[in-house]
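Heads up, the thing below is written out as structure tokens.
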Amino acid sequence: GIQVEQSPPDLILQEGANSTLRCNFSDSVNNLQWFHQNPWGQLINLFYIPSGTKQNGRLSATTVATERYSLLYISSSQTTDSGVYFCAVWRFQKLVFGTGTRLLVSP
Amino acid sequence: DGGITQSPKYLFRKEGQNVTLSCEQNLNHDAMYWYRQDPGQGLRLIYYSQIVNDFQKGDIAEGYSVSREKKESFPLTVTSAQKNPTAFYLCASTVQVDQPQHFGDGTRLSIL
């Protein structure tokens, strides 16, 4: 099956810093989503981005489907950004999740 | 407000018991999904349903069962055949395949 790998696996930032999270996938996909799982376990939609670039406040995402990767940018990080970030790809009618990046933003 | 409601938030099961987790959505979505998440891990697909009265096994269906009698509801039963049921269970829905998936707040199941 398709492999979805995220890097880095863990990231520690000082509040106010910027970061880039990467998602690589091993085969062509129909669509891609980015999620944030907060410390209470809630999974929040960030982006639905099959290709191109989207921005939402301090967050933006870019997917280059032909090269099989997507990037999530977090600028001016805040402590509330802490949690786990997942990318997930749609393939054969199912959403396949990546391994996740665990982010800790310290004050 | 439109959304996905999972209940209960916490559930305890004795050995040998079946338990049923509820998932209800009022988003008028056709497709619904059940995932399992173990500590420090990603999400794995248990079952999914693209239309009422139809469902398919996901990657880890053994020891689980589902039904889809109504569009709004997709309950998951964890049977006694599931040897390691302690996990966080998440339900999701989408208007159709390949469209954004939205999640409920999850149910944490533990074995007594």
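Chains as they are written, first to last, in our numbering: chain L, 1 to 107; chain W, 108 to 219. Cβ coordinates follow ideal geometry from the N, Cα and C atoms, glycine included. Quick caveat, the model's predicted, so the values are computed rather than measured.
Problem set entry | Beta carbon of L/VAL64 nearer than 8 Å to that of L/ILE2 | Cβ atoms of L/VAL64 and L/ILE2: not closer than 8 Å.
Exercise. Between W/GLY213 and chain L, is there a C-beta pair that is closer than 8 Å?
Worked result: Interface residue, yes.
Exercise. Between the C-alpha atoms of L/LEU59 and L/SER19, what's the straight-line distance to the nearest angstrom?
Worked result: Between L/LEU59 and L/SER19, the C-alpha separation is close to 10 Å.
Problem set entry | Distance CB(L/THR66)-CB(L/THR53) smaller than 8 Å | L/THR66 is not a Cβ neighbour of L/THR53, given a cutoff of 8 Å.
Exercise. What span of residues does the beta strand (DSSP E) with L/SER77 cover, start to end?
Worked result: Premise fails: L/SER77 is in no beta strand (DSSP E) and is neither H nor E.
Problem set entry | Three-state secondary structure (DSSP) of L/THR20 | In the displayed model, L/THR20 falls within a strand according to three-state DSSP.
Problem set entry | Start and end residues, beta strand (DSSP E) containing W/LEU134 | Taken as a continuous stretch (DSSP letters only), W/LEU134 belongs to no beta strand (DSSP E), as it is neither H nor E.
Problem set entry | chain L contact for W/TYR171 (CB, 8 Å cutoff) | Chain L contact via Cβ: absent.
Problem set entry | Opening and closing residue of the beta strand (DSSP E) in which W/SER114 lies | 111-114 is the extent of the beta strand (DSSP E) around W/SER114.
Problem set entry | Within-8 Å CB hit, W/GLY149 to chain L | For W/GLY149, the nearest CB of chain L lies under 8 Å from its own CB, placing it at the interface with that chain.
Exercise. With 8 Å set as the bound, which would you pick, yes or no: does the beta-carbon of L/LEU21 sit closer than that to a beta-carbon of chain W?
Worked result: Look at L/LEU21: its C-beta is not under 8 Å from any C-beta on chain W.
Exercise. Since L/TRP34 sits in a beta bridge, which residues does DSSP pair it with?
Worked result: L/TRP34 pairs with L/PHE47, L/CYS87.
Exercise. When the Cα of W/GLU176 is compared with those of W/ASP137, W/GLU122, W/ARG120, W/LEU216, which residue comes out closest?
Worked result: Comparing Cα-Cα distances from W/GLU176 to each of W/ASP137, W/GLU122, W/ARG120, W/LEU216, the minimum goes to W/ASP137.
Exercise. Nearest-angstrom Cα distance between L/TRP90 and W/GLU122?
Worked result: One C-alpha to the other measures close to 36 Å.
Exercise. Does the stretch 98-107 of chain L touch the stretch 10-24 of chain L, meaning 3 or more C-beta pairs lie closer than 8 Å?
Worked result: The stretch 10-24 of chain L is in contact with the stretch 98-107 of chain L.
Exercise. The stretch 188-213 of chain W: which residues have C-beta closer than 7 Å to a C-beta of chain L, in chain order?
Worked result: Within the stretch 188-213 of chain W, the residues whose Cβ lies closer than 7 Å to some Cβ of chain L are PHE195, LEU197, VAL204, ASP205, PRO207, GLN208, HIS209, PHE210, ASP212, GLY213, listed in chain order.
Problem set entry | Residues of the stretch 140-166 of chain W with Cβ closer than 9 Å to any Cβ of chain L, in chain order | If you check each beta-carbon in the stretch 140-166 of chain W against every beta-carbon of chain L, the ones closer than 9 Å belong to TYR140, TYR142, GLN144, GLY147, GLN148, GLY149, LEU150, ARG151, LEU152, TYR155, GLN157, GLN163, GLY165, ASP166.
For this session: Return yes when the Cβ of W/ALA194 is within less than 8 Å of the Cβ of W/GLN208, no when it is not.
Result: Against a cut-off of 8 Å, the Cβ pair of W/ALA194 and W/GLN208 comes out as no contact.
Exercise. DSSP beta-bridge partners for W/TRP141?
Worked result: In the DSSP assignment, the residues bridged to W/TRP141 are W/TYR154, W/CYS198.
Exercise. Near W/VAL159, which residues of its chain fall below 8 Å by C-beta distance, leaving aside the five closest residues on each side in sequence?
Worked result: Cβ neighbours of W/VAL159 beyond the five flanking positions: ARG175, GLU176, LYS177, LYS178.
Problem set entry | Counterpart residues of L/ALA61 in DSSP-defined beta bridges | According to DSSP, L/ALA61 bridges with L/LYS54, L/LEU72.
Exercise. Going by alpha carbons, who is nearest to L/ARG31 out of W/VAL204, W/GLY211, W/LEU216, W/SER217?
Worked result: The sequence given here has Asn at residue 31 of chain L, not Arg. Cα-wise, what sits closest to L/ASN31 is W/VAL204.
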